[in-house]
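Comments concern the structure below.
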DNA sequence: CTGAAAGCGCTTACAG
DNA sequence: CTGAAAGCGCTTACAG
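This is the structure in structure tokens:
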């Protein structure tokens, strides 16, 4: 690996200070003027000084950070990341944030001390402050399904959420639906915002006014789906179809429907989002917008590892295609003569 | 953390050789007699010498090794391990073996180089050779749901599999079943063997001859359940109930039953094993033997971390209780007058 | 705040 | 095969 690494002596020489002074800066000791400290830190940074004790780049560890592992969405992503890390000979450290903000100085310092070759972040709580901290780590960071708009200093991997929202809506419109409800997870997250935009675009394109009453957002788990689904079903003019922000949330809609004696798909069509295993277990099997979750995580992990090995900067933003997987939860709306003159526009059997 | 760690000089002194000689042994250099090398290695070992470059104990990393992450069983275990590691301030490295043997010299050397504070092993393929290698690591190892009999040099955490098999069987017997089929995963694994023993004990206790034709084993995934379930349902005298080695396998039995027009639970009762999320998604909801998977992994992880921090040797074997969770897939056998005079003997709502 | 000096743990030639 | 000697990268205690 070329040179044996910069030494503290070289840094001292370059900074015009003594070796002990650099040592003090390195160890956060007192007794160094702010100006000197800053100058030395800059040099340390520039020359890529690697603390001998600390296993810097080359630890072989990639950090996979996700809000929680409690959903099938999360485990699908984890599987992809783990498989790719293994394939490329890296070890994957799995951390959950449990709602805590990401990129706190503590955590970044912990990563620096332990040694991390890169970070795959699947989190909604990335603080703006956290971004700056993370950049200080000097290891590649790739975001999966990132939140917040604003320019990212990091590369991102996502799905074509807008197209997914549009395709789900068109699938229902082609079946003959006109009153289509749309429920999503937290609307602050770009993926949900994008899908909603896709829905609205499809509705407009077919000259259907998107009744704002038919759009709800909240929790994307089963509970949220049950509550938001109930709200829609209890409207004076309920929708004949509901598109949901996740498969789990869609199952909550199933529950709300069952509680009201509404049959799926005879009285109500339901479309999920993600295509996790759940879709095939529940009855009727759930039509959904497939996100290639494992592939997204694989791609992000590959980017991080290749960058950590000196690869060139990849596409700053990668979007993998979604596709509608038609199963048994969607059908023409009640009262339709023929079962929707138009054929279902895409049928894919699950992998 | 007491002393600053053994130095090469101390080892040299103890071995009656010079510092450079110890250094050579440490770095695998030539020019050391076999006898000296051996003596030094032993001292290094005994005194717990920690190579400065290598982040030995204290890396804060715990390795979680599992055959694959593709089942809900696996992710339930992972969740428990991850949560406990986070709680105790350790980072969890997740590795899948994908059927490869565990404890190969390569892998052990990799762990040594990278630094690992301990290993939680959830694997069926632990080689006997691997055990010796793993012991050389000098970090705590705890097995979850271990395979093979023979005395383990490592602590183990498991569920009360024997009682689980017995309880599932008794539950069905109390409902009035007499012909009860039993299908399991690979019978080499002690957990499956133990459950089968529990089944046979219960059958004997109720003076029911366990027809060997009613016992099958193979793959514990959906496919396996479908195939093994089909074999039982196609018998001249098919069982009125089937106990399965996993919930996924039980779902395979659902498929086999559906393909033959056999209704669950009217014509056939089905009991699963594990109590993963799947049980609640499928229809009818699956009665199952609950294994506290997350708790098992938590316990194993806690043991490893505490041992790595100097805790005392824990119980060599820990078994957490299973319990029958009664849902909709079990009922009295067809042709029964009253719906089983005996009440279902345990009802637990899922967490 | 700063650095000359001593020291620590280890490695690298190299002489025997 | 073995180790005295020199050296390396860093830290520590202390004088200015």
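Residue numbers (the UniProt record's numbering), protein chains in the order written: chain P, 1 to 351; chain V, 1 to 351.
Ideal Cβ placement from N, Cα and C applies to all residues, glycine included.
Computed from a predicted structure; not experimentally measured.
CB-CB length for residue 269/P against residue 240/P, believed under 8 angstroms: 7 angstroms
Counting beta carbon pairs with one atom in the stretch 287-306 of chain P and one in the stretch 81-90 of chain P, are three or more of them shorter than 8 angstroms? yes
Excluding the 5 residues preceding and the 5 following residue 334/P in the sequence, name in chain order all residues of the same chain whose CB lies nearer than 8 angstroms to its CB. 240, 266 and 267
Using the Cβ count rule (16 or more neighbours within 10 Å means buried), how would you classify residue 170/P? buried
Go ahead and pull the three-state DSSP assignment for residue 39/P. helix
Going by DSSP, what residue range makes up the alpha helix (DSSP H) through residue 23/V? 19-26
Taking CB distances under 7 angstroms as the criterion, tell me whether residue 285/P reaches chain V. no
Would you say residue 69/P lies against chain V (beta-carbon separation less than 7 angstroms)? yes
Could you give the uninterrupted runs of the alpha helix (DSSP H) lying entirely in the stretch 121-175 of chain V, keeping only those of 4 residues or more? 128-136 and 161-175
Buried or exposed: residue 138/P, going by 16 or more other Cβ atoms within 10 Å of its Cβ? exposed
Residue 38/P versus residue 11/P: straight-line alpha-carbon distance, rounded: 13 angstroms
Quick one: what's residue 269/P bridged to in DSSP? 241/P
Rounded to whole angstroms, what's the CA-CA distance from residue 18/V to residue 105/V? Just pull it up for me. 30 angstroms
By how many angstroms is the C-alpha of residue 92/V removed from the C-alpha of residue 303/V? 14 angstroms
Starting from residue 96/P, find everything on chain V with Cβ-Cβ shorter than 8 angstroms and list it in chain order. 82, 83 and 86
Between which two residues does the alpha helix (DSSP H) carrying residue 80/V extend? 72-87
Anyone know if the C-beta pair for residue 287/V and residue 327/V falls short of 7 angstroms? yes
Does the beta-carbon of residue 235/V have 16 or more other beta-carbons within 10 angstroms, so that it is buried, or is it exposed? exposed
Minimum C-alpha distance to residue 88/P - residue among 310/P, 306/P, 21/P and 26/P: 306/P
Could you spell out the range, first to last residue, of the alpha helix (DSSP H) harbouring residue 247/P? 247-259
In angstroms, rounded to a whole number, what distance separates the CA positions of residue 20/P and residue 31/P? 11 angstroms
Give me, in chain order, the residues of the same chain whose beta-carbon lies closer than 8 angstroms to that of residue 60/V; leave out the 5 immediate sequence neighbours on both sides. 89, 90, 91 and 117
Along chain V, which residues have their Cβ under 9 angstroms away from the Cβ of residue 91/P? 61, 63, 93, 94, 95, 110 and 114
Rounded to whole angstroms, what's the CA-CA distance from residue 70/P to residue 308/P? Just pull it up for me. 29 angstroms
Using DSSP bridges, identify the partner residues of residue 274/V. 290/V
Can you tell me whether DSSP reads residue 304/P as helix, strand or coil? helix
Interface flag, residue 47/P vs chain V, CB-CB below 7 angstroms: no
Are the C-beta atoms of residue 352/P and some chain V residue less than 7 angstroms apart? Only positions 1 to 351 of chain P appear in this structure, which leaves residue 352/P out of reach.
Residue interval of the alpha helix (DSSP H) (run including residue 231/V): 222-233
Alpha carbon to alpha carbon, how far is residue 198/V from residue 252/P? Give it in angstroms, no decimals. 38 angstroms
Closer than 7 angstroms, CB to CB, is residue 137/V near chain P or not? no
Straight-line Cα distance separating residue 203/P from residue 209/P: 7 angstroms
Can you tell me which of 141/V, 14/V and 63/V puts its alpha carbon nearest to the alpha carbon of residue 44/V? 14/V
Would you please verify whether the beta carbon of residue 344/P is less than 7 angstroms from any beta carbon of chain V? Here the model assigns residue 344/P a pLDDT of 42, short of 50, so the residue's position is not dependable, and the following value carries that caveat. No - not a single Cβ of chain V is within 7 angstroms of the one on residue 344/P.
Could you check the C-alpha separation between residue 290/P and residue 205/V for me, to the nearest Å? 51 angstroms
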